Amino acid sequence: MTRKQATIAVRSGLNDDEQYGCVVPPIHLSSTYNFTGFNEPRAHDYSRRGNPTRDVVQRALAELEGGAGAVMTNTGMSAIHLVTTVFLKPGDLLVAPHDCYGGSYRLFDSLAKRGAYRVLFVDQNDEEALNSALAEKPKLVLVESPSNPLLRVVDIAKICAAAREAGAISVVDNTFLSPALQNPLALGADLVLHSCTKYLNGHSDVVAGVVIAKDPATVTELAWWANNIGVTGSAFDSYLLLRGLRTLSPRMEVAQRNALAIVEFLKQQPLVKKLYHPSLPENQGHEIAARQQKGFGAMLSFELDGDEQTLRRFLGALSLFTLAESLGGVESLISHAATMTHAGMAPEARAAAGISETLLRVSTGIEDSEDLIADLENAFRVAAEGPGDMMVVSAAGSTTNQLINWLKLSQSDRLSAHQVQQTLRRYQSDLISGLLPPEVADGLIAGFIHDLERLAVLLDGKMTDAVYAEVVGHGEVWSARLMAAVLNQQGVEAAWLDARDFMRAERAAQPQVDEGRSWPLLQNLLAQHPNKRLVVTGFICSNEAGETVLLGRNGSDYSATQIGALAGVSRVTIWSDVAGVYSADPRKVKDACLLPLLRLDEASELARLAAPVLHARTLQPVSGSDIDLQLRCSYSPEQGSTRIERVLASGTGARIVTSHDDVCLIEYQVPSHQDFKLAQKELDLILKRGQVRPLSIGVHPDRSLLQLCYTSEVANSVLQLLQDASLQGELRLREGLALVAMVGAGVCRNPLHSHRFWQQLKDHPVEFIWQSEDGISLVAVLRVGPTESLIQGLHKSLFRAEKRIGLMLFGKGNIGSRWLELFAREQEILSARTGFEFVLAGVVDSSRSLLNYEGLDASRALAFFNDEAVQQDEESLFLWMRAHPYDDLVVLDVTASEQLADQYLDFASHGFHVISANKLAGAGNGQKYRQIRDAFEKTGRHWLYNATVGAGLPVNHTVRDLRDSGDAILAISGIFSGTLSWLFLQFDGTVPFTELVDQAWQQGLTEPDPRVDLSGKDVMRKLVILAREAGYDIEPDQVRVESLVPAGCEGGSIDHFFENGDELNEQMLQRLEAAQEMGLVLRYVARFDANGKARVGVEAVRAEHPLAALLPCDNVFAIESRWYRDNPLVIRGPGAGRDVTAGAIQSDLNRLAQLL
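Below is the structure:
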């Protein structure tokens, strides 16, 4: 039985322990072994020459690479040195890549200078330079593909063939891909080597290497020399290497998937000057990689656009990418080529190889890709910040609350006040000690304790507003000092500024910063600290008397925008515990959504209404400047952000629902003899002078009553202001009320939103409802709170999706699992784009199901399925689906089940939509096919099946669109099988056809039974589907199908097929030679024309024909119609694979949403 890669990696050595039957092969740590008698040695005599544990891993490595044997060495470099030692002598020439691994370059260059051999470093993608080097008759040609660190890909088969013709031995360093993604021996190499330290072990706890040879005699020679020069691997390293090898395939799959996600992210980053990864079309050798590799790999490199300081800031800000050499471990690593991996190359050699001074190489691990991208995003943000950037900080944790508590207790309970003081002292001291080394922390702690003692002295005296502000505002001072010290410790030059030294405001209920006095003071301080990161205290400023003035609770946000306006900055980012502004408080409303853009006037109104996400006056400085304001989450920066948009786009209604559970009403009873409107104007004037605009106003002329709504924080100050104004009427303060509001430009002009607002309030004790002067908010004041349930109901009624679409996924294999990953990423985007709510209602396989009307988390559905899925018969499942609560139910069929295809009629009759990758319904009996189509048409349901032909290629869509536009399809031809495409592109007569089939099977390019592909039935089904889409009635039995499965091999085991492949090999070789004599190539082609002729089978076509010139695994569809008669419409691209097929399913779901 021929085993595939994952099976080899897992099963090697599992049944080797005959003595005890250990599942895990034991470690044989003995250095020597006894003889059974005189001159009767055992299989091993000394561990340098041979060791049972090393034997197991060598057999596994040889089988993985398809070699005759392997020799494990104690390092990767010793593997390289072993090869050059065995095959090169003084005067012999080694040809190596000009951009090879830095350690290899250093070894070759050093030994060549000592006369051990000669070396030529050649750009192996430069055909002329390579041919020139080969003309010198080298003894050894080393290939690295992809190269380190620029990920250049060379044609291994072509270079190895040229080396063989020149009389040279070819050796390929396959470290960057591992045998999971590339097999150089199958491409013609004589030797393949690895640093086993990297992907093969995968855990960064082994240093080892291996050389694998195609020829048994070469293996014997390598083993002899490895023993003689003492470079064989240890038993313990062999054991660890075998353990790591078990998970090679899944590790490579996850790491590669992460790399592709990171590449997509890096493509959007302005600080990335150049990006290197074989998946990129512009990457050198991209098309070769697509042909000779089984994946593009998990290594990538990029050049940072900046100087050394930019580089230092970027690397210093990373927390999940470890700055270290090596690669291929489960953890993500990053290295600077010029000072680390390639420091051994002279600067001019690095420059010649294209290795710039800001090149960074990334080895992507198996962490969550979202976390990795968030880490990179943060590092790019830090790197982009210049030395002149400023930080405004607030007090750490609950420091402000502790200071207030200390202050209050100091007037009534000195013992409790002392306890709070000690708690505060421990908290701040621990914070400093945890972030800084002792030699720096000690001085900072001493300064903090001095502050604390000084504040204690103040609290012993008379309590005044100045003393209160001095004590409560000190948390920001401590934070600024600490942050500046931490930045300096990390190599970022920083200084802290006390905002009281430049920002001036007089004490008031809501202090207003005097920009005229503050600006010159700030400019003077900025001039004193050039090229430094400035950390400024928020929340505090000072008055003309030099006393501390507080800007209000949460006033650091206001400080940030005010300081930004004074400094003339272009952007202010406010970092808090939420990602920005949501449609409601996400702590109260679980389906609240983040608003990426918010109008400035909407944000200002939200801030005025005391929403916790925005300080009441944060936006005042923004409106009068050119500052770009963003709100982001410091804990999860990847969650997104809200940008405050200054351009006032037209508004159509509510965008945000907000509430406050602790507001007060100041009621002013106007005397009966006083004119009510004049009294109202007088009151407005007093409030404007005091800069204390109310949240909402209740105006009741019939009762001669004015009601002013304020937060409890400022209500008493406003009441005192009004009492000092000597108003004639009575003033009362009512506490314990609540507020609910809708905010959005145009909200008061939206009758539907206003109606829903009133409907939600009808059962609540409403004091009054008020709309803002500019019509941007509608506010209700309630006599009692809390408001959480009211807010939830209001949010649901305002922002509910127009439709709820339930999704039932049948099939959780390769395509199903990929679609779940894709849907998890796209679900919110799809809902936002369409206005529909998409709910994953169920996942079903052949015998079990996981169902939930409330919806499954697509990102974790498979894990839950394995633990929670239950056995379910077809009838009960169908009853559950019929009882669904959604506006529409969609069946996603990614199976090959005939039984499920037979249920399409029932699905249509019960009003379900179907999206299918299953070909059996579309290519089955014609009468049944027409019944299914008619049933969907009659019920107004949709059956979409673009994934059945060409995976993600728009073949069905194009044929249908041509017909709907008035064109007529005359013929369709092409290569419809990715598997057969690969086979016939590889088949050149040098390797028997069935061996190529075996390679494709092992690489996962075929169905689990490759005879399914070779039979041509799958291609026939695709042809039938396309012909029917083109408007022709055709039955499957009308298609002439040429099967490549020899007679007598249709049944039985797969091994039986391979063992009896000589007949097929001989037939295919004869057909190939006949075609080559006529200058043609063989392809497996499907054809249909308007006369009803349909055939799938092997054809000989011209090399320049569209069906011949394609990449392995590509599909080609040539469509001839009345409009495209002379020059057929050709659609070409990957027509198979899990990702593209899952993408086709998602594409059909997008199309269905448009149809609905």
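Going by full-length UniProt numbering, the first residue of the sequence shown is number 1, and it counts up by one from there. Every residue gets a Cβ at the ideal spot worked out from N, C-alpha and C, and that includes glycine. In this text, all values refer to a predicted model and were calculated from it rather than measured experimentally.
| Going by alpha carbons, who is nearest to Asp155 out of Ala186, Ala180, Pro138, Glu713? | Translated into positions along the sequence shown, residue 155 becomes position 155. Comparing Cα positions, the closest option is Ala186.
| task | Run the CB neighbour count on Ile829, radius 10 Å, all protein chains shown included, and call it buried at 16 or more, exposed below. | result | Residue mapping note: residue 829 aligns to position 829 of the sequence shown, counting from 1. With fewer than 16 other Cβ atoms within 10 Å, it is exposed.
| request: Compute the Euclidean distance between the alpha carbons of Ala579 and His277, then round it to the nearest angstrom. | output: By one-based count along the sequence shown, residue 579 stands at place 579. By one-based count along the sequence shown, residue 277 stands at place 277. So the two alpha carbons sit approximately 32 Å from each other.
| query | Going by DSSP, what residues sit across from Ala466 in a beta bridge? | reply | What you label residue 466 is simply residue 466 of the sequence shown in a count that begins at 1. BP columns for Ala466 are empty, so no partner.
| field | Beta bridge counterpart(s) of Glu667 as assigned by DSSP | value | As a working mapping, residue 667 is identified with position 667 in the sequence shown. For Glu667, which the question treats as bridged, DSSP gives the partners Gln707, Arg732.
| field | Outcome for Lys214 when other beta-carbon atoms lying within 10 angstroms are tallied against a minimum of 16 | value | Locating residue 214 in the sequence shown gives position 214, where the first residue counts as 1. By the neighbour-count rule (16 or more Cβ atoms within 10 Å), Lys214 is buried.
| What residues match up with Asn74 in a beta bridge as DSSP calls it? | To locate residue 74, count along the sequence shown from 1; it is residue 74. Per DSSP, none; premise fails for Asn74.
| Presumed contact (8 Å Cβ cut-off) between Tyr1124 and Ile975, rounded CB distance | Locating residue 1124 in the sequence shown gives position 1124, counting from the first residue. Locating residue 975 in the sequence shown gives position 975, counting from the first residue. Not really, about 18 Å apart at Cβ, beyond 8 Å.
| field | For Arg608 and Arg693, believed in contact at Cβ under 8 Å, the rounded distance | value | Within the sequence shown, residue 693 is the residue found at index 693, counting from 1. Within the sequence shown, residue 608 is the residue found at index 608, counting from 1. Rounded, the Cβ-Cβ distance is 7 Å, consistent with contact.
| Residues of its chain near Leu241, where Cβ-Cβ distance is below 8 Å and the 5 sequence neighbours each way are ignored | Counting from one through the sequence shown, the residue named residue 241 turns up at place 241. Only Val57, Met72, Cys196, Leu200, Asn201, Val206, Ala208, Gly233 meet the Cβ criterion.
| query | Taking contact to mean at least 3 C-beta pairs separated by less than 8 Å, is the segment 157-172 in contact with the segment 125-144? | reply | yes
| query | Looking at C-alpha atoms only, which residue of Gln707, Phe799, Val718, Glu1042 is the closest neighbour of Ile769? | reply | Residue numbering aside, residue 769 sits at position 769 when the sequence shown is read from its first letter. It is Gln707 whose Cα lies nearest to the Cα of Ile769.
| said: Contact between the segment 240-259 and the segment 101-121 is defined here as three or more beta-carbon pairs at a separation below 8 Å; is this criterion met? | reply: no
| field | DSSP state of Gln421 mapped onto helix, strand, coil | value | Locating residue 421 in the sequence shown gives position 421, counting from the first residue. In this structure, Gln421 counts as helix in the three-state DSSP scheme.
| said: Under 8 Å: do the segment 984-992 and the segment 1060-1074 share three or more Cβ pairs, one atom per stretch? | reply: yes
| query | Are there 16 or more other CB atoms within 10 angstroms of the CB of Gly978, so buried, or fewer, so exposed? | reply | Walking along the sequence shown from the start, residue 978 turns up at place 978. So Gly978 ends up on the buried side.
| query | Under a three-way DSSP split, which group does Lys139 fall into? | reply | As a first step, residue 139 must be located in the sequence shown, where it is residue number 139. Lys139 falls in the coil class under three-state DSSP.
| query | Does the segment 1011-1020 come close enough to the segment 1136-1151 that 3 or more CB-CB pairs lie under 8 Å? | reply | no
| query | In or out: His700 buried (at least 16 other Cβ within 10 Å) or exposed? | reply | Translated into the one-based positions of the sequence shown, residue 700 becomes position 700. That one is exposed.
| field | Contact under 7 Å by Cβ, Leu1005 with Ala1086 | value | Position 1005 of the sequence shown, counted from the first residue, corresponds to residue 1005. Position 1086 of the sequence shown, counted from the first residue, corresponds to residue 1086. No, these two residues do not count as a Cβ contact at 7 Å.
| query | Between the segment 914-926 and the segment 945-962, do at least 3 Cβ pairs fall closer than 8 Å? | reply | yes
| query | CB Leu566 to CB Ser518, shorter than 7 Å? | reply | Here residue 566 refers to the residue found at position 566 when the sequence shown is read from its first residue. Here residue 518 refers to the residue found at position 518 when the sequence shown is read from its first residue. Closer than 7 Å, so yes.
| task | Flag this pair as touching only if the segment 299-312 and the segment 349-368 have three or more C-beta atom pairs under 8 Å; answer yes or no. | result | yes
| query | Thinking just about the alpha-carbon of each residue, which of Val492, Cys541, Asn283 is nearest to the one in His474? | reply | Numbered from 1 along the sequence shown, position 474 holds the residue referred to as residue 474. Considering only alpha carbons, the answer is Cys541.
| query | Three-state secondary structure (DSSP) at Ser696? | reply | By one-based count along the sequence shown, residue 696 stands at place 696. Here Ser696 sits in strand by DSSP.
| task | Can you grab the Cα-Cα spacing for the pair Leu177 / Ala921, in whole Å? | result | Position 177 of the sequence shown, counted from the first residue, corresponds to residue 177. Position 921 of the sequence shown, counted from the first residue, corresponds to residue 921. So the alpha carbons of these two residues sit roughly 40 Å apart.
| Are there three or more Cβ pairs, one per stretch, closer than 8 Å when the segment 260-272 is compared with the segment 317-329? | no
| said: Among Leu551, Glu1120, Val843, whose alpha-carbon lies nearest the alpha-carbon of Gly813? | reply: The sequence position of residue 813 within the sequence shown is 813, counting from 1. Checked all of Leu551, Glu1120, Val843; the closest Cα to Gly813 is Val843.
| said: So the candidates are Leu798, Leu850, Glu788, Glu826; which of them puts its Cα closest to the Cα of Gly811? | reply: One-based indexing of the sequence shown puts residue 811 at position 811. Taking only the C-alpha atoms, the option nearest Gly811 is Leu850.
| For Glu1073, the nearest candidate out of Glu1120, Asp988, Pro1134 (CA to CA) | Counting from one through the sequence shown, the residue named residue 1073 turns up at place 1073. Nearest of Glu1120, Asp988, Pro1134 to Glu1073, Cα basis: Asp988.
| request: Would you check if the distance between the CB atom of Gly344 and the CB atom of Arg106 is smaller than 7 Å? | output: Indexing the sequence shown from 1 puts residue 344 at position 344. Indexing the sequence shown from 1 puts residue 106 at position 106. Yes, Cβ-Cβ distance for Gly344 and Arg106 is below 7 Å.
| Distance, Cα to Cα, Asp375 vs Ser319? | To locate residue 375, count along the sequence shown from 1; it is residue 375. To locate residue 319, count along the sequence shown from 1; it is residue 319. Roughly 7 Å between the two C-alpha positions.
| query | Does DSSP classify Gly209 as helix, strand or coil? | reply | As a position in the sequence shown, residue 209 is number 209, starting the count at 1. In this structure, Gly209 counts as strand in the three-state DSSP scheme.
| field | Where Ala1047 falls, given that 16 or more other Cβ within 10 Å makes a residue buried | value | Translated into the one-based positions of the sequence shown, residue 1047 becomes position 1047. With fewer than 16 Cβ atoms within 10 Å of its Cβ, Ala1047 is classed as exposed.
| query | Leaving out five residues before and five after Arg860 in sequence, what residues of the same chain have Cβ atoms less than 6 Å from its Cβ? | reply | Walking along the sequence shown from the start, residue 860 turns up at place 860. Taken in chain order, the list of residues that qualify is empty.
| said: Taking a contact to mean a Cβ-Cβ separation below 7 Å, would you say Thr642 touches Leu695 in this structure? | reply: Walking along the sequence shown from the start, residue 642 turns up at place 642. Walking along the sequence shown from the start, residue 695 turns up at place 695. No, Cβ-Cβ distance for Thr642 and Leu695 is not below 7 Å.
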